Structure formats: C-alpha cells, structure tokens
Amino acid sequence: MSAESKPLSGLRVLIPRGGTWGDLVAQALREQGAHTVIAPLVDFAHTSEEDKLVEALKDLEAGRFDWMTATSSTVADVLTHHNAVINERTQVALVGEATAVAFRNAGYPVTRTPSQENSTHALLEEWTETDTPEVLKVLTLRSDVAVPVLTEGLIGRGHNVTQVLAFRTVGVPASVHIREDIESGRINAILVASTKIAEEVASQFSNLPDSTLVACVGANARKAAADVGLRDDQDSPLTQALIDTVESVIDQSDMLD
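The opening residue of the sequence shown carries number 1 in the UniProt record's numbering; numbering runs sequentially from there.
Structural data, given as structure tokens:
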C-alpha cells in the first residue's frame with residue numbers, strides 16, 4: 001500500500017499517553033500513514049493504598065496468591081518500582097497487548113491472556129481455572145479510576161479476591177508548544193482514550209479548532225466526553241479509521257486508567 005493510499009495518510013495525531021501504550025498506538029497509526037505526536041496528558045502517581053499495596057506485594061512474593069491480574073501496562077511499572085517478585089507458584093492473567101508487552105519487558109511471567117477477543121469479558125469466559133468449586137486466592141491490581149470488571153467477576157465466582165489500587169491517574173499540563181500546535185490546527189486529531197483524558201482535553205484545549213478531529217475510543221471515553229461538553233467526531237469516516245487502528249492494538253481495558 002502506497003503512502004498516499006493509506007487510510008490515515010497525512011493525519012497528524014496527538015497521542016495523549018506515553019509508555020508502552022503510547023508506543024504501540026503510535027506504531028499502529030504510523031503504519032496507516034499518520035504522523036504521531038506523543039504528548040501525555042495523564043500520568044500515574046503513588047496509590048492512596050500504599051500500605052495495602054506493600055503488604056500485598058509481600059504476600060505475592062511469598063506465594064500466598066494462586067493468581068494475580070492486571071489490565072494496565074502501568075502495573076508492570078508499579079511492580080518494578082517496588083522491586084516486586086512474583087512467586088513461581090503464582091500465575092498471572094492479563095488483558096491488553098500493552099499490558100502483556102510491559103510485563104514481559106519487565107521480566108515478569110504471563111500465564112494467560114485472552115486468545116479470541118482481547119477483553120476482560122473474554123478473559124473471564126476463557127479462564128477455566130476460575131470456573132471451579134475450589135476457592136482461589138487472587139490479587140487484582142488496578143488504577144483508582146479503572147472499572148473493576150475482573151475483580152467483580154472473580155468475586156461473583158466465589159473466589160477470595162484481594163483488590164488493591166496500585167496507582168492513581170493524574171492530569172499533566174500540555175507544553176506550550178503542544179498547546180500552540182493544537183490551537184493553530186497543526187495537530188489534526190486528538191485521541192481520547194479514557195475518562196481522565198477526556199477531562200484533560202476539555203479543560204486544557206478550550207479553543208479546539210472545528211477542523212480538529214476528536215476520536216473517542218470506547219464507550220467510557222465517549223460518555224466522559226459528553227459529560228464534559230467535549231465533542232465526539234465518531235461519525236466521520238476518518239475518525240472511525242483512526243479508532244479502528246487504535247482498537248486493533250489496544251483493548252479497551254488498557255484505556256480504563
């Protein structure tokens with residue numbers, strides 16, 4: 001496919017999150033012809049449950065959990081920051097390509113990811129080990145704003161779940177250069193991939209040009225955009241091509257934080 005015939009050819013896209021997530025999304029968009037600008041509008045701070053997290057990580061190293069779960073690549077960063085050790089008897093279930101890549105890059109094992117559809121619901125459906133009368137001890141690590149789908153699913157199956165907020169999601173001010181590029185229209189599209197990102201885009205870019213596409217990825221991001229008065233250009237074919245590209249590499253579970 002020539003550069004001219006690629007669906008996102010020439011589109012300059014703001015990617016509002018860094019790390020493994022941002023790198024995977026940027027690569028996918030470039031393969032479809034887009035130019036990418038990674039400018040994080042969110043970052044991750046220490047959890048409000050630090051003491052609980054430290055105790056849970058001690059239990060994790062001691063092998064007191066049968067399984068642990070994560071749906072965000074940031075959890076790998078949290079584990080690395082704490083020099084956490086995952087006991088060899090503890091198995092690891094993950095959702096999201098970025099999450100699996102981050103875990104492997106950090107040297108942590110990955111036991112199970114969804115094989116069909118890359119989603120939390122698919123993981124629960126395929127996770128046969130949890131569909132048993134045996135009560136498993138499971139550690140779920142997530143963000144303060146993530147929807148606890150896995151946690152609730154496991155509790156509903158009767159398992160002993162220790163859920164810990166492993167990190168908080170906080171807003172990050174865009175640089176002067178990025179704000180100028182947005183207001184001048186030099187950036188043609190902005191990805192909105194979580195509730196927090198929707199809030200940051202709405203508050204930081206009040207003079208968003210009408211020509212700039214706002215691509216809300218996932219139902220949570222679309223609802224958040226509506227709540228804060230941010231427009232959603234999902235009816236545009238170009239926006240849909242942008243969303244499809246992002247969803248081809250990043251599951252919506254990766255967008256919950």
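The beta-carbon is built from N, C-alpha and C at its ideal position, and this holds for glycine as well. Computed from a predicted structure; not experimentally measured.
Inset, instruction - Take every Cβ of the region 240–250, pair it with every Cβ of the region 200–209, and state whether three or more of those distances are shorter than 8 Å. - result: The region 240–250, when compared against the region 200–209, does not touch it at the 8 Å Cβ threshold.
Legend entry - Reduced DSSP secondary structure (H/G/I, E/B, other) of N188: Numbered from its first residue, the sequence shown carries residue 188 at position 188. Correct three-state label for N188: coil.
Legend entry - Sequence ranges, beta strand (DSSP E) only - wholly within the region 78–114, length at least 3: Qualifying beta strand (DSSP E) stretches, in chain order: 91–94.
Legend entry - CB of S236 within 8 Å of CB of L213, strictly: As a position in the sequence shown, residue 236 is number 236, starting the count at 1. As a position in the sequence shown, residue 213 is number 213, starting the count at 1. For S236 and L213, yes; Cβs fall inside 8 Å.
Legend entry - Nearest neighbour of T74, chosen from N105, D232, I178 and E125 [CA to CA]: Sequence index remark: in the sequence shown, residue 74 carries index 74 (1-based). The option with the nearest alpha carbon to T74 is N105.
Inset, instruction - Classify S72 as buried or exposed, calling it buried when 16 or more other Cβ atoms lie within 10 Å of its own Cβ. - result: In the sequence shown, counting from the first residue as 1, residue 72 sits at position 72. S72 comes out buried.
Inset, instruction - Pick helix, strand or coil for W127, following the three-state DSSP scheme. - result: To locate residue 127, count along the sequence shown from 1; it is residue 127. In the three-state reduction of the DSSP assignment, W127 falls in the coil class, being assigned neither a helical nor a strand state.
Inset, instruction - Mark N160 as exposed unless 16 or more other C-beta atoms lie within 10 angstroms of its C-beta, in which case mark it buried. - result: Counted from its first residue, the sequence shown places residue 160 at position 160. By the 10 Å Cβ count, N160 comes out exposed.
Legend entry - Counted within 10 angstroms of its Cβ, other Cβ atoms place A98 as buried (16 or more) or exposed: Position 98 of the sequence shown, counted from the start, is the residue given in the question as residue 98. In this structure A98 is buried. Its beta-carbon is surrounded by 16 or more other beta-carbon atoms within 10 angstroms.
Legend entry - Opposing strand residues paired with D43 [DSSP bridges]: In the sequence shown, counting from the first residue as 1, residue 43 sits at position 43. Checking the DSSP bridge columns, you'll see D43 partnered with V170.
Inset, instruction - Have a look at K137, Y108, K52 and G185 and flag the residue whose alpha-carbon is nearest the alpha-carbon of residue 260. - result: Any question about residue 260 goes unanswered here, given that the chain covers just 1 to 257.
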